[in-house]
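**Q** Numbering (my numbering), first residue to last: 19 to 164. Input: one structure, supplied below.
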Ligand SMILES: NC(=O)c1ccc[n+]([C@@H]2O[C@H](COP(=O)([O-])OP(=O)(O)OC[C@H]3O[C@@H](n4cnc5c(N)ncnc54)[C@H](OP(=O)(O)O)[C@@H]3O)[C@@H](O)[C@H]2O)c1
């Protein structure tokens with residue numbers, strides 16, 4: 019997503035908030051690879067990180083993967099930062115027929131005024147993940163034919 023959008027992480031400081039086995043850790047491993055489209059300097063934050071804002075403000079690229087609705091606020095993001103919001107969280111919304119709606123880990127409306135780019139929730143990382151899963155499935159199927 020970063021590379022295709024023209025924001026290669028190469029040489030950038032990427033701050034990843036979240037260290038889960040399915041999102042944070044693999045992302046960190048990918049970002050720090052010594053290869054084109056990666057090669058970033060990576061900082062990993064989690065619930066044991068004192069003063070999260072101190073770290074998020076240093077990010078050229080900020081990845082929020084915490085499962086904490088709107089935990090990243092505009093004052094935690096520096097001007098011109100690129101923000102990837104992985105979070106998918108249900109929050110109560112009486113005006114919605116389902117009684118809830120989906121929000122990310124970032125305060126999208128406020129951060130979009132400061133960020134160079136930010137992924138929406140829903141409609142950002144989620145559909146990309148589905149697409150990549152399908153791509154991997156097709157690739158795996160093709161390999162069985164060789
Ligand atoms: N868009 C997609 O395709 C996609 C795919 C997978 C997941 N998700 C979403 O991504 C989010 C994360 O999923 P996950 O499976 O990685 O969740 P998880 O297993 O609950 O891990 C959350 C991570 O964030 C950290 N964290 C939580 N609250 C924090 C806070 N306030 N400050 C700093 N760090 C905090 C936790 O720290 P500790 O390790 O210290 O507990 C943990 O490392 C969820 O909203 C999930 O729905 C989206």
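Beta carbons are placed, not taken as given, at the ideal position from N, Cα and C, and that holds for glycine. Small disclaimer: the values here were computed from a predicted structure and weren't measured.
If residue 88 sits next to residue 125, beta carbons under 8 Å apart, how far is it from one beta carbon to the other, in whole angstroms?
**A** So it is a contact: roughly 5 Å between Cβ atoms.
**Q** Grab me the residues of residue 44's own chain with a C-beta within less than 7 Å of its C-beta, minus the 5 sequence neighbours each way, in chain order.
**A** Counting only Cβ-Cβ distances below 7 Å, and skipping sequence neighbours, we find nothing.
**Q** Just the C-alpha distance for residue 29 and residue 131, rounded to the nearest angstrom, thanks.
**A** Distance between the alpha carbons of residue 29 and residue 131 is about 25 Å.
**Q** Return the bridge partner residues of residue 135 from the DSSP annotation.
**A** Its beta-bridge partners are 100.
**Q** Tell me residue 120's beta-bridge partners as DSSP assigns them.
**A** According to DSSP, which records beta bridges pairwise, residue 120 is partnered with 108.
**Q** Report the three-state DSSP secondary structure of residue 151 (helix, strand or coil).
**A** DSSP places residue 151 in helix when its eight states are reduced to three.
**Q** Checking the sheet assignment: what are the DSSP bridge partners for residue 40?
**A** Looking at the DSSP assignment, residue 40 forms no beta bridge with any residue, so it has no partner.
**Q** So does the stretch 156 to 164 actually touch the stretch 48 to 56, counting three or more Cβ pairs closer than 8 Å?
**A** Cβ pair count under 8 Å is below three, so no.
**Q** Where do the ends of the alpha helix (DSSP H) carrying residue 129 lie?
**A** 126 to 129 is the span of the alpha helix (DSSP H), which, as asked, contains residue 129.
**Q** Which of the three DSSP states, helix, strand or coil, is assigned to residue 80?
**A** Of the three classes helix, strand and coil, the one that applies to residue 80 here is strand, per DSSP.
**Q** Can you find at least 3 beta carbon pairs, one from the stretch 108 to 128 and one from the stretch 145 to 155, that sit closer than 8 Å?
**A** The stretch 108 to 128 vs the stretch 145 to 155: no contact.
**Q** Would you check if the stretch 62 to 70 and the stretch 33 to 44 touch, i.e. whether three or more CB-CB distances between them fall below 8 Å?
**A** They touch, by the three-pair rule.
**Q** Who are residue 31's beta bridge partners in DSSP?
**A** 59, per the DSSP bridge assignment.
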